[in-house]
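Written below as structure tokens is the structure these notes are about.
2 protein chains.
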Amino acid sequence: MTRKASIIGGGVIGGGWAARFLLNGWDVAVFDPDPEAERKLGEVLANARAALPALSDVPMPAEGRLSFAKSIGDAVQGADYIQESVSERLDLKHRVLAQIQQAASGVPIGSSTSGFKPSELQQGAADPTTIFVAHPFNPVYLLPLAEIVPSAKNDPEIIERAKEILRDIGMFPLHVRKEIDAHIADRFLEAVWREALWLVKDGVATTEEIDEAIRMGFGLRWGQMGLFETYRVAGGEAGMKHFMAQFGPALKWPWTRLTDVPDFTEELVDLIAGQSDAQSGKYTIRELERIRDRNLIGFLRALKERDWGAGKVLLDHDRRRRAAFHEAAGTGEGAPLVMAHMQVLPGWIDYNGHMTESRYLFAASETSDAFLRLIGADMDYVAGGHSYYTAESHILHLGEAKLGDRLTGSLQVLDADDKRLHIFIRIQRGEETLATIEQMLLHVDMKAGRTCPAAAAVRARLGPIAEAHKALPRPAAAGRHVGQRKP
Amino acid sequence: MTRKASIIGGGVIGGGWAARFLLNGWDVAVFDPDPEAERKLGEVLANARAALPALSDVPMPAEGRLSFAKSIGDAVQGADYIQESVSERLDLKHRVLAQIQQAASGVPIGSSTSGFKPSELQQGAADPTTIFVAHPFNPVYLLPLAEIVPSAKNDPEIIERAKEILRDIGMFPLHVRKEIDAHIADRFLEAVWREALWLVKDGVATTEEIDEAIRMGFGLRWGQMGLFETYRVAGGEAGMKHFMAQFGPALKWPWTRLTDVPDFTEELVDLIAGQSDAQSGKYTIRELERIRDRNLIGFLRALKERDWGAGKVLLDHDRRRRAAFHEAAGTGEGAPLVMAHMQVLPGWIDYNGHMTESRYLFAASETSDAFLRLIGADMDYVAGGHSYYTAESHILHLGEAKLGDRLTGSLQVLDADDKRLHIFIRIQRGEETLATIEQMLLHVDMKAGRTCPAAAAVRARLGPIAEAHKALPRPAAAGRHVGQRKP
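First to last, the sequence lines map onto chains H and V. According to our numbering, the first sequence is numbered sequentially starting from 1. According to our numbering, the second sequence is numbered sequentially starting from 1001.
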């Protein structure tokens, strides 16, 4: 059943929340009195549609329905989750929260605030138990972090429910156990920001030089390990204690402008804005957003391949959704057997704008893996020490798959005996065959590292299919070698 | 002509410098009185050998010769560049610098110091003009940043020569124009470190929670844009001034522990070391180093694909070396061209525990893409509307790649004419061939969607290679079809 999220305040942050919910199949109702809200949110959503699916290796669910409500009361009607992202003024937030609670009770209400603690948000609330901080990071549709900060007044069940919902939309809810000004991450951002302003003001470095000092060095480290794990490694075999013994005393050195806050004068603003123009002015903000998103996709993809950090969050999210997708897809019928349904994802595209060639073989593997599961050569079978290995493949390219195409993979058994399984796979878009893959699979005893007959149960399932497929016409491309003239 | 770098102090940082120079073809002489120095440096070098080549799309130069000198005088004899990475004690550094200058004059002498300014290093030096700060970031063999900090006493020609040398080994020399305690980046690290210690001490967050707050959010942003460019984007179309108007006032809020430095007590050290063990203790430091390096390779590769930030540094480095490679490699006479170096990552493994079959074709694509770039059919060429498309492939599996294996992809041209490019790729682990991929590529006019002759410049580069490869033995697997009996 489709669930509903209500987004109160539809700026960059609220829009990011809306996009994340929508692309994960939730219906979303937005309330924002800004007459430009619909256009602005549309731009965030366009960015998100181009970015978030690139992180998924499971087809995305059908996008939810987006609506704009005329009042807060309308927006939160029937909501399963409510996120407040209005301006950082406590009186305004109190008014908005009161209106939300007049129309929705017992529903988690997260606030995107970076400046207020949950106990401050809860002041004077009809029901403080459902109001908490859920502080995301821009771009909300790509970065997994959401700092979840409750106060002592919160209902723990509401907090757990909220965390589960955020996981459902692919986020990493970080439970902050003690409320504190600026939560956790923004305290670091603030410390660095203050130091950076000093360096610019004192003429030590420009905004560009400061950005290079970050992204050419420790910024790369911090995206995959944090501060402490990085230093643990730096300590070498002797570990964290050794590192602290080395680096600890530096705390007393005058390495930062500890006690002062630079005056926020017009001159300082102009100095920084001017340097920033010189550094990045050749790109529009929209261009920078797309560059940033593509970079983040690259980082997140890299971490996903390594099952690490934010990449692990993505893999876990795929696992949840894969189960749901398999239930819905069924096994297919007929001969050749349609074994796989796939969608061409942004990460599958090469620099020509087409599906990259190794993804055709990937699509074939999805098809043959499903077939092997069908005949009982599944994960348990592999765990028992036997498997089918591919010995040889021939791929013929007949057409080009493009972003978003829905593909099917069908499989025809050309020949089979106790040890050998000769198959022919077609990757199709509708009726059009885009590629054919002919393969010879050998059944192996994995431990001994040599071929052996398949188990009787597997042969019993494979036999009738192979027999039935003898009646199918033999594909013209079967037995072809590379460069052979077309018949 | 091979150039020589002298590395004085061979710990994690000195070893990283040595590895970077060696892998970029420089001879390296190391002086370090530690009897364990050779073993320790060997471990850093092993990590670097497994990591740095994975960033290159041009074959690496032949590794330089590594030697261990008995004295500083021996080590710096005939050096073109000298890097000092001894312990952070000013009296020790002064002694070492004096010994260096007794044996080498007019040679750039960089210091890895994070704690001392160049004017401090130059105190009492026979020749202050050649001594400057060249502050790198761990792992030195992967992170491009080196903060170059001169004082007013430095010879500008020496500084420019040093920067050019660092670019030659793939680094990004950031010229810091005013000397200041801790240079630039470490001031930020210090500010965050101090704030993080407070959060742990006050029980707000554990080391693990702090690391998650960094790597799930802003850490990902900072690896590709820095602080100011990130905020410029956050400001939206209104830009930097708007952002500063919004965020500026927060400087006065109590978001960080501005004025205090936490006492560095035994209890605080134990608290942090204990939490770090709980967080990361399941991995050894060596394992964490390899995980970190693989993640950094992924990030840097992602940026390289996008020609952005640290990835642009890599591309520039490739461009320099490609010219040199073309001169040295000629046409690959007598041997197939080794075009790609890869490592089997965790995401490449299938349920059998081997490299999944589509990754063999992926490895072949990495190889053929590098070859296409070599002959000038690169991204710009594709942007101009022409490309080589794969029409057909045959894959023969001969062995199994496993997690962590280092693979090379070599390419032999079987036949080429104006439109057709018939190639044979070997994916090897050392001398062992794990798979061969035979492919027919067709040169296409992408807009018209049909084959056409390649550009004259491409044919001019391809021709001599194809001609030279005619002398190579034709592979037995070429022309094979699936299921064909072995000869």
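C-beta: ideal position from N, C-alpha, C; glycine also.
Boundaries of the alpha helix (DSSP H) in which Pro1156 of chain V is found, first to last residue
Position 156 of the second sequence, counting from 1, holds the residue named residue 1156 of chain V. It spans Pro1156 to Asp1168 - the alpha helix (DSSP H) in which Pro1156 of chain V sits, taken as one unbroken run.
Can you tell me whether Met1216 of chain V is buried or exposed, with buried defined as 16 or more other CB within 10 angstroms of its CB?
Residue 1216 of chain V sits at position 216 when you count from the first residue of the second sequence. With 16 or more Cβ atoms within 10 Å of its Cβ, Met1216 of chain V is classed as buried.
Going by CA-CA distance only, name the one from H:Phe21, H:Ala69, H:Ile82 and H:Tyr81 that's closest to Met60 of chain H.
Stepping through the first sequence from its first residue, residue 60 of chain H is reached at position 60. Residue H:Phe21 is the option with its Cα nearest to Met60 of chain H.
Please state whether DSSP places Met1339 of chain V in a helix, a strand or coil.
Taking the first residue of the second sequence as position 1, residue 1339 of chain V is located at position 339. Strand.
Can you tell me which residues form a DSSP beta bridge with Leu1372 of chain V?
Looking up residue 1372 of chain V in the second sequence gives position 372. Looking at the DSSP assignment, Leu1372 of chain V forms no beta bridge with any residue, so it has no partner.
Measuring only the C-alpha atoms, how far is Ala397 of chain H from Glu1392 of chain V?
Within the first sequence, the letter at position 397 stands for residue 397 of chain H. Within the second sequence, the letter at position 392 stands for residue 1392 of chain V. Rather than Ala, the amino acid found at residue 397 of chain H in this sequence is His. Computed Cα separation, rounded: 6 Å.
For His422 of chain H, return the contacting residues in chain V, with the cut-off set at a CB-CB distance below 9 Å.
Locating residue 422 of chain H in the first sequence gives position 422, counting from the first residue. In chain order: Val1482 and Gly1483.
Reduced DSSP category for Gly330 of chain H - H, G, I as helix; E, B as strand; rest coil
The sequence position of residue 330 of chain H within the first sequence is 330, counting from 1. With a pLDDT of only 37 at Gly330 of chain H, under the threshold of 50, the placement of this residue in the model should not be trusted; the figure read from the coordinates follows. Coil.
Quick one: grab the DSSP three-state call for Gly203 of chain H.
As a working mapping, residue 203 of chain H is identified with position 203 in the first sequence. Reduced to three states, the DSSP call for Gly203 of chain H is coil.
Would a check of beta-carbon distances place Lys1402 of chain V closer than 8 Å to chain H?
Taking the second sequence and counting its residues from 1, one reaches residue 1402 of chain V at position 402. No, no contact with chain H.
At a Cβ cut of 8 Å, what residues of the stretch 377-394 of chain H count as close to chain V, listed as they run along the chain?
Met379, Val382, Ser387, Tyr389, Thr390, Ala391, Glu392, Ser393 and His394
Cβ-Cβ distance between Ser1387 of chain V and Val1444 of chain V below 8 Å
Along the second sequence, one-based indexing puts residue 1387 of chain V at 387. Along the second sequence, one-based indexing puts residue 1444 of chain V at 444. The answer is yes: Cβ separation under 8 Å.
So which residues on chain V does Arg373 of chain H lean against when the C-beta distance must stay under 9 Å?
As a first step, residue 373 of chain H is located in the first sequence; it is residue number 373 there, counting from the start. Within 9 Å Cβ-Cβ: nothing; Arg373 of chain H doesn't reach chain V, min ~11 Å.
Using the rule of at least 16 other Cβ atoms within 10 Å of the residue's Cβ for burial, across every protein chain shown, is Gln1102 of chain V buried or exposed?
Reading the second sequence from its first residue, position 102 is the one you call residue 1102 of chain V. It is exposed - the Cβ of Gln1102 of chain V has fewer than 16 other Cβ atoms within 10 Å.
Should Met446 of chain H be flagged as near chain V, meaning a C-beta pair shorter than 8 Å?
Numbered from its first residue, the first sequence carries residue 446 of chain H at position 446. Met446 of chain H counts as touching chain V.
Expressed to the nearest angstrom, what Euclidean distance is found between the alpha-carbon atoms of Ile1184 of chain V and Val1192 of chain V?
Position 184 of the second sequence, counted from the start, is the residue given in the question as residue 1184 of chain V. Position 192 of the second sequence, counted from the start, is the residue given in the question as residue 1192 of chain V. One C-alpha to the other measures close to 13 Å.
How should Gln123 of chain H be labelled, buried or exposed, when 16 other C-beta atoms within 10 angstroms of its C-beta is the threshold for buried?
Walking along the first sequence from the start, residue 123 of chain H turns up at place 123. It counts as exposed.
CA-to-CA distance, Ala146 of chain H to Gly463 of chain H, given in whole angstroms:
In the first sequence, residue 463 of chain H corresponds to position 463, counting from 1. In the first sequence, residue 146 of chain H corresponds to position 146, counting from 1. Roughly 53 Å separates the two Cα atoms.
Does DSSP classify Lys1470 of chain V as helix, strand or coil?
On the second sequence, position 470 is the one that residue 1470 of chain V refers to. Three-state DSSP puts Lys1470 of chain V in coil, outside helix and strand.
Would a check of beta-carbon distances place Gly1124 of chain V closer than 8 Å to chain H?
To locate residue 1124 of chain V, count along the second sequence from 1; it is residue 124. Answer no: the Cβ-Cβ gap between Gly1124 of chain V and chain H never drops below 8 Å.
Using a beta-carbon distance cut-off of less than 9 Å, what residues from the stretch 288-300 of chain H approach chain V?
Leu288, Glu289, Ile291, Arg292, Arg294, Asn295, Leu296, Ile297, Gly298, Phe299 and Leu300
CA-CA distance, Pro1033 of chain V and Ala1048 of chain V?
The residue given as residue 1033 of chain V occupies position 33 in the second sequence. The residue given as residue 1048 of chain V occupies position 48 in the second sequence. Between Pro1033 of chain V and Ala1048 of chain V, the C-alpha separation is close to 23 Å.
For Glu289 of chain H, which residues from the same chain have a beta carbon less than 8 Å from its beta carbon, with the 5 sequence-adjacent residues on both sides left out?
Indexing the first sequence from 1 puts residue 289 of chain H at position 289. Same-chain partners within the cutoff: Asn47 and Pro139.
Going along the stretch 209-227 of chain H in order, which residues come within less than 8 Å of chain V, judged by CB to CB distance?
Glu209, Ile210, Asp211, Glu212, Ala213, Ile214, Arg215, Met216, Gly217, Phe218, Gly219, Leu220, Arg221, Trp222, Gly223, Gln224, Met225, Gly226 and Leu227
Give me the subset of the stretch 1106-1133 of chain V whose CB atoms are less than 9 Å from a CB atom of chain H, sorted by chain position.
Ser1114 and Gly1115
Tell me, please, whether the stretch 216-236 of chain H touches the stretch 1291-1303 of chain V by the rule of three or more beta-carbon pairs shorter than 8 Å.
yes
Verify whether the separation of the beta carbon atoms of Ser1085 of chain V and Gly1011 of chain V is less than 8 Å.
Residue numbering aside, residue 1085 of chain V sits at position 85 when the second sequence is read from its first letter. Residue numbering aside, residue 1011 of chain V sits at position 11 when the second sequence is read from its first letter. Yes, the Cβ-Cβ distance between Ser1085 of chain V and Gly1011 of chain V is below 8 Å.
When we look at the beta-carbon of Lys470 of chain H and count the other beta-carbons within 10 Å, is it buried (16 or more) or exposed?
Counted from its first residue, the first sequence places residue 470 of chain H at position 470. Counting Cβ neighbours within 10 Å, Lys470 of chain H comes out exposed, since fewer than 16 surround it.
Could you say if the stretch 1191-1211 of chain V and the stretch 197-208 of chain H meet the contact criterion of at least three C-beta pairs nearer than 8 Å?
no
Collapsed DSSP secondary structure at Ile1148 of chain V in the structure displayed:
Start at 1 with the first residue of the second sequence, and residue 1148 of chain V comes out as number 148. Ile1148 of chain V falls in the strand class under three-state DSSP.
Quick check on DSSP: helix, strand or coil for Glu1357 of chain V?
One-based indexing of the second sequence puts residue 1357 of chain V at position 357. Here Glu1357 of chain V sits in helix by DSSP.
In three-state DSSP terms, what is Val382 of chain H?
As a working note, residue 382 of chain H is residue 382 in the first sequence. In this structure, Val382 of chain H counts as helix in the three-state DSSP scheme.
Spatial neighbours of Ala1340 of chain V in its chain, beta-carbon cut-off 6 Å, leaving aside the 5 residues before and after:
As a first step, residue 1340 of chain V is located in the second sequence; it is residue number 340 there, counting from the start. Same-chain partners within the cutoff: Glu1366, Thr1367, Ala1370 and Gly1409.
Determine whether the Cβ of Asn24 of chain H lies closer than 8 Å to any Cβ atom of chain V.
As a working note, residue 24 of chain H is residue 24 in the first sequence. Output row for Asn24 of chain H: interface = no.
Please go through the same chain and pick out, in chain order, the residues whose beta-carbon is closer than 8 Å to the beta-carbon of Ala1126 of chain V, but skip the five residues on each side of it.
The residue you call residue 1126 of chain V lines up with position 126 of the second sequence. Only Ala1098, Gln1101 and Gln1102 meet the Cβ criterion.
Could you pull the DSSP bridge partners for Met1440 of chain V from this structure?
By 1-based counting over the second sequence, the position of residue 1440 of chain V is 440. Partner(s): V:Glu1392 and V:His1422.
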